[in-house]
Amino acid sequence: MLDTYAAKICCADLYSSELARLILGDSLHPGGLRATNRLGRVMGLQPGWRVLDLACGMGTSATALSRVFRCRVTGLELGADAAVTSRRRALEQPIPANVDFVRGDAELPPFREGVFDAVLIECATSLFPDKAAAMAECRRLLKPGGVLGISDVTVEPGSLPPELDGTVGMMLCLTDALSAEGYRALLEQAEFITDEPEDLSAEVLTLLADLRAKLALGQSLGLIDTELAVDLTTAAPELLDRVERLVESGKIGYWLYVGRTPV
Ligand SMILES: C[S@@+](CC[C@H](N)C(=O)[O-])C[C@H]1O[C@@H](n2cnc3c(N)ncnc32)[C@H](O)[C@@H]1O
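Here the sequence shown stands for residues -1 to 261, numbered as in this note's numbering.
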């Protein structure tokens, strides 16, 4: 139990690291806010809704959704630095956003049942060791007729090469990702009524091109100086080529899912 929690914290710290910020930016998923707005639209977010962003990272999506859809958004994040940064940034906004941020574990969210109209999880379900527990919690937190939106990296079974099974694979959410059908099955096992999933895999190709440019820039400016960063960036160009080929062949993707609870 402790080992699993320690692994979760380590993963959360990795996403809060300077290196992750440098190469991924603030929106820690393919498609950035474009994909977030798409998710909000297909979920049908409405003004005044209470929305939970589970594993909200730097709070970028939570803040954007609160503005675009005029919802009240709570972000839950395990990483201590990310939770603090999200809170600070929300306070620094020139026009206040209707958001708040809490530190906690998505598998044990500290909220009463039936308080949210919608829950979203972007690029994080793949990281949860107990995905079924997280889905059960989403069911518990949603009101009847509530909506769950998930976007995540997909990996078809047996297609991840061993060199993508380490830190780089984890940062790209590949290591414990499900297949495109697997996420839909996960939602249905938790008794969500699902819509047809949407394929946003082209966003991964855009993200890879972006990563290549940022790594090259980071190296030329001498910003990549820790041992881990040097190891990662030395191996990165070949790994990114590998991921690109897997995306093009449909083995790796990025899909968007919506599930609803019965009214
Ligand atoms: C790829 S990032 C995505 C962040 C954010 N959803 C976004 O799209 O910008 C994954 C995030 O999930 C968080 N995370 C991983 N496991 C978690 C857990 N069990 N509970 C809460 N947050 C978790 C990590 O700390 C990290 O911030």
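Backbone N, C-alpha and C fix where the C-beta goes; we use that ideal spot for every residue, glycine too. All values derive from a computational prediction rather than experimental measurement.
Residues bridged to residue i [DSSP beta-bridge criterion]
{"i": "W47", "result": "In the DSSP output, where bridge partners are listed per residue, W47 has none listed."}
{"i": "V153", "result": "I250"}
{"i": "R68", "result": "Bridge partners of R68: none, in fact."}
{"i": "G77", "result": "None; G77 has no bridge partner."}
{"i": "V117", "result": "L50, L146"}
{"i": "I346", "result": "The question about residue 346 has no answer, for the chain in this structure spans -1 to 261."}
Nonlocal neighbours in the same chain, by C-beta distance under 7 Å from residue i, ignoring five residues either side
{"i": "A175", "result": "S124, D150, V151, T152, V153"}
{"i": "S199", "result": "V245, G251, Y252"}
{"i": "P155", "result": "S177"}
{"i": "L159", "result": "First, the amino acid is wrong: residue 159 is Pro here, not Leu. R240, listed in sequence order."}
{"i": "R65", "result": "A95"}
{"i": "E111", "result": "R138, L139"}
{"i": "R86", "result": "none"}
{"i": "T2", "result": "P127"}
{"i": "Y285", "result": "Nothing about residue 285 can be reported from this structure: the residues present for the chain run from -1 to 261 only."}
Close Cβ partners of residue i (< 6 Å) along its chain, the five nearest in sequence each way excluded
{"i": "L162", "result": "L172"}
{"i": "R68", "result": "P45"}
{"i": "R258", "result": "V145, I191"}
{"i": "D24", "result": "M56, T58"}
Measuring CB atoms only, is the region 119 to 136 touching the region 92 to 111, in the sense that at least three cross pairs come out at less than 8 Å? Yes, since at least three Cβ pairs between the region 119 to 136 and the region 92 to 111 fall closer than 8 Å, the two stretches touch.
So, does the region 32 to 39 touch the region 94 to 102, judging by three or more C-beta pairs under 8 Å? Touching, no, given that fewer than three Cβ pairs across the two stretches are closer than 8 Å.
Does the region 78 to 89 come within contact of the region 136 to 145, defined as at least 3 CB pairs closer than 8 Å? The answer is no - the region 136 to 145 does not touch the region 78 to 89, with fewer than three Cβ pairs under 8 Å.
In chain order, which beta strand (DSSP E) runs of at least 3 residues are fully inside the region 125 to 188? Those beta strand (DSSP E) runs which fall completely within the region 125 to 188 and span 3+ residues are 140 to 153.
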